[in-house]
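Chains as they are written, first to last, in the numbering used here: chain R, 1 to 355; chain Y, 1 to 355. Note that CB positions come from ideal geometry on N, CA and C, so glycine has one too. These numbers were taken from a predicted model, which means no experiment stands behind them. Below is one structure, written out as structure tokens, with a few remarks after it.
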DNA sequence: CGGTTTCATGTAACCGGTTGCATAAAGGAA
DNA sequence: TTCCTTTATGCAACCGGTTACATGAAACCG
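So, in structure tokens, the structure goes:
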């Protein structure tokens, strides 16, 4: 005579539905999921069985409101189409998933204002932010950090929890590597002006150039994209350099294509070094590149974030990840002097070099 | 004598704080933001002024609980490192932002089980899903669709709202293009077995092959990655074909690198056609590819989703997006018969360059 | 001028969970 | 046996909003 499983078809079952069916209070149902140790073994089993039968799943939103914990985190990247950030995202998601967090992803398109808006919009729904290469001024970041826990990736601000990929040594090794091969002048194709990594890498290259007797010429780019790298080619050819160190793989790939378009081949006419390792095996020839374990960087960022949220004391923690110069096929001896092959005459038209 | 702005420093101000300061009810504050037309002009201004002064921002979570609308949507992709999906994500985000939605991103890593788990986890927090190339069986999708609105991208299931990128015509054109150049045998390097697009593209290629007298050989791949494309090279060389149509740009890029590694050049020795257009200008030579407007596909998906959520009647809507064969530099006449250049003897040992 | 609308605002229930406190039952010590 | 813990569960308030309904005042109308 008892009305068995009255599974309403239209509405998702709530904690009250389960409580009613199980003939217990809502609190008990709640505990069966959240604090099972407070209940007897049989009760937990009983409630869970009924819940399962009804297809009950605790309402995330309600729980968030009641506990004040959103159970979400947000990852902000400047450009999701850059494979570096795509890989990072995967690391973040996999760790977030195993830590019971869901992940918002926001792409700021390298735009600080958009970055600001996105953080504000998301703030109410997340317990913390992972800001990858944020372009916002320190002051603004501090404001946001006041409301929500923030972990930075590749931005070094005191008192912030942060993950830094330290490419300095590898860039120095790369310069040394080029010097040993006989290169005497190399170009650094730089990344975003506001990027901390770019500053670090540039400094390392300049210092190493000094030490190993390699003249360094800097090429500025608008954004670290394939196209920007490609656009550098003509200038590189005229620059008198024989090697290129790029801010990242995407730029390096662009540079290679640009050089090819001008009839130069790598590594015979130019040596090229990238960074991230994320495209290195996807070029022909395979790119000598400074490898970064992006996946692990993402995971570490989540770990750090969880850490800080759990125990404020570890905010301010600074985790440095190593990089690794992997020599592949885009670096070699420069052409013997005097036999250089330059399809583009230095000073040829287009370069309004009104001396 | 009145206690002015008592701004508590520790806690974010709530609707009650504003109500107290403004000496009105909480309902009025709520309306001042949600239904201002129900209040007098002055009241709206008054409440908003106080709110602003206090730094009040409506709590997204609370609103979500109370209204039953999460104000979020989720995008599920099988592989965020594939630039096609990265671009799609950007389209989704930009439209979502202008429609007041925040976006969860989840990467299923081509794994149906993970896809299922992710949907379940996110279901409570979103009003709808955009499932890009879902690999889940129809039955499972129907279950999810019963709980949450789902818009599919590149999966054609009746009664689902869906966006389909119809590449069939372009693939046929591509085959015709190759036939006109003189190719008599071409390979189709396929995408994921469970992918709707792959089925569609394969059928189109086969049909066109028949029509234009081009023999089609199919190459299966595990996943549409650069590496998978690269791995096809040896087989392609032995296959007796002179052209390749790939499922997407990533595979095409891999194929090109693989061919290069075997000493063949594109388009002299092999013609290559990709799809998506997302890497086409990033290869050397630039890839002949079937262009898809990924950004707009993402935007359209959000529009459709909002549409369906607003008015169930438009569920079942089927939006087809066109593609466009863009001929660049990887397709050309095949080498005259008899003068074919095959560095790899068919069936020769793997390059054991001993002695 | 009384009655009916219309408009602006307040009251209180509700969304679906969590949790501090109360209570009852069971176990243990004296 | 009695009293004190300990354990298992219920009660009810609370998280921060939204909204159906009630109320009172002003405007309109014949």
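Find the nearest neighbour of residue i within the set the options, judged by alpha-carbon distance.
{"i": "residue 188 of chain R", "options": "R:37, R:199, R:181 and R:116", "result": "R:199"}
{"i": "residue 210 of chain Y", "options": "Y:173, Y:293 and Y:101", "result": "Y:173"}
{"i": "residue 326 of chain R", "options": "R:273, R:35, R:298 and R:215", "result": "R:273"}
{"i": "residue 147 of chain R", "options": "R:121, R:113 and R:180", "result": "R:121"}
{"i": "residue 249 of chain R", "options": "R:159, R:131 and R:191", "result": "R:191"}
{"i": "residue 287 of chain Y", "options": "Y:267, Y:301 and Y:299", "result": "Y:267"}
{"i": "residue 112 of chain Y", "options": "Y:140, Y:88, Y:161 and Y:101", "result": "Y:140"}
{"i": "residue 316 of chain R", "options": "R:161, R:142 and R:68", "result": "R:161"}
{"i": "residue 153 of chain Y", "options": "Y:333, Y:240, Y:166 and Y:131", "result": "Y:131"}
{"i": "residue 164 of chain R", "options": "R:197, R:183 and R:175", "result": "R:197"}
{"i": "residue 218 of chain Y", "options": "Y:194, Y:231, Y:246 and Y:27", "result": "Y:246"}
{"i": "residue 185 of chain Y", "options": "Y:243, Y:177, Y:202 and Y:220", "result": "Y:243"}
{"i": "residue 97 of chain R", "options": "Y:202, Y:231 and Y:117", "result": "Y:117"}
If I measure Cβ to Cβ from residue i and keep anything under 7 Å in the same chain, skipping five residues before and after, which residues do I get?
{"i": "residue 86 of chain R", "result": "80"}
{"i": "residue 179 of chain Y", "result": "212, 213 and 214"}
{"i": "residue 46 of chain R", "result": "22"}
{"i": "residue 90 of chain Y", "result": "295 and 298"}
{"i": "residue 93 of chain R", "result": "103"}
{"i": "residue 101 of chain R", "result": "71, 72 and 73"}
{"i": "residue 60 of chain Y", "result": "71"}
{"i": "residue 261 of chain Y", "result": "233"}
{"i": "residue 301 of chain R", "result": "92, 130, 151, 153 and 163"}
Locate the beta strand (DSSP E) running through residue i, then write down its first and last residues.
{"i": "residue 35 of chain Y", "result": "Note, residue 35 of chain Y: premise wrong, no beta strand (DSSP E); not H, not E."}
{"i": "residue 119 of chain Y", "result": "It is not in any beta strand (DSSP E) - residue 119 of chain Y instead sits in the alpha helix (DSSP H) that spans 112-123."}
Is residue i helix, strand or coil by DSSP?
{"i": "residue 335 of chain Y", "result": "coil"}
{"i": "residue 281 of chain R", "result": "helix"}
{"i": "residue 162 of chain R", "result": "strand"}
{"i": "residue 105 of chain R", "result": "strand"}
{"i": "residue 69 of chain Y", "result": "coil"}
{"i": "residue 61 of chain R", "result": "helix"}
{"i": "residue 312 of chain R", "result": "helix"}
{"i": "residue 186 of chain Y", "result": "strand"}
{"i": "residue 324 of chain R", "result": "strand"}
{"i": "residue 128 of chain Y", "result": "strand"}
{"i": "residue 11 of chain Y", "result": "coil"}
Whose C-beta lies closer than 6 Å to the C-beta of residue i among residues of the same chain, with five residues either side of it excluded?
{"i": "residue 36 of chain R", "result": "44"}
{"i": "residue 229 of chain Y", "result": "251, 254 and 255"}
{"i": "residue 335 of chain R", "result": "none"}
{"i": "residue 51 of chain Y", "result": "18"}
{"i": "residue 290 of chain Y", "result": "167, 170, 275, 323 and 325"}
Work out the CA separation of residue j and residue i for me, nearest whole Å.
{"i": "residue 41 of chain Y", "j": "residue 58 of chain Y", "result": "20 Å"}
{"i": "residue 308 of chain Y", "j": "residue 104 of chain Y", "result": "19 Å"}
{"i": "residue 62 of chain Y", "j": "residue 33 of chain Y", "result": "14 Å"}
{"i": "residue 263 of chain Y", "j": "residue 233 of chain R", "result": "25 Å"}
{"i": "residue 119 of chain Y", "j": "residue 17 of chain R", "result": "23 Å"}
{"i": "residue 123 of chain R", "j": "residue 142 of chain R", "result": "14 Å"}
{"i": "residue 269 of chain R", "j": "residue 278 of chain Y", "result": "29 Å"}
{"i": "residue 343 of chain R", "j": "residue 216 of chain R", "result": "Residue placement at residue 343 of chain R cannot be trusted, given a pLDDT of 48 that sits under 50; what the coordinates show is reported in the next sentence. One C-alpha to the other measures close to 23 Å."}
{"i": "residue 8 of chain Y", "j": "residue 206 of chain R", "result": "Because the pLDDT of residue 8 of chain Y is 43, which lies under 50, any placement of that residue in the model is unreliable, and the number read from its coordinates should be weighed accordingly. Their backbone Cα atoms lie some 50 Å apart in a straight line."}
{"i": "residue 285 of chain Y", "j": "residue 329 of chain Y", "result": "6 Å"}
{"i": "residue 82 of chain Y", "j": "residue 11 of chain Y", "result": "42 Å"}
{"i": "residue 134 of chain Y", "j": "residue 222 of chain Y", "result": "16 Å"}
{"i": "residue 15 of chain Y", "j": "residue 27 of chain Y", "result": "9 Å"}
{"i": "residue 265 of chain Y", "j": "residue 259 of chain Y", "result": "7 Å"}
Could you give the residue range of the alpha helix (DSSP H) that holds residue i?
{"i": "residue 212 of chain R", "result": "196-212"}
{"i": "residue 173 of chain Y", "result": "168-181"}
{"i": "residue 226 of chain Y", "result": "226-238"}
{"i": "residue 93 of chain R", "result": "83-98"}
{"i": "residue 318 of chain Y", "result": "Segment 318-321 is the beta strand (DSSP E) holding residue 318 of chain Y; no alpha helix (DSSP H) there."}
{"i": "residue 260 of chain R", "result": "249-261"}
{"i": "residue 141 of chain Y", "result": "138-147"}
{"i": "residue 276 of chain R", "result": "Note, residue 276 of chain R: premise wrong, no alpha helix (DSSP H); beta strand (DSSP E) at 271-276."}
{"i": "residue 289 of chain Y", "result": "No alpha helix (DSSP H) holds residue 289 of chain Y; the beta strand (DSSP E) holding it covers 288-291."}
{"i": "residue 22 of chain R", "result": "15-22"}
Ignore the nearest five residues each way along the sequence and tell me which others in residue i's own chain have a CB closer than 8 Å to its CB.
{"i": "residue 138 of chain R", "result": "157"}
{"i": "residue 226 of chain Y", "result": "250, 251, 253, 254 and 257"}
{"i": "residue 109 of chain R", "result": "78 and 79"}
{"i": "residue 145 of chain R", "result": "160"}
Does at least one heavy atom of the ligand SAM sit under 7 Å from the Cβ of residue i?
{"i": "residue 42 of chain R", "result": "This structure lacks the ligand SAM; in fact it carries no ligand of any kind."}
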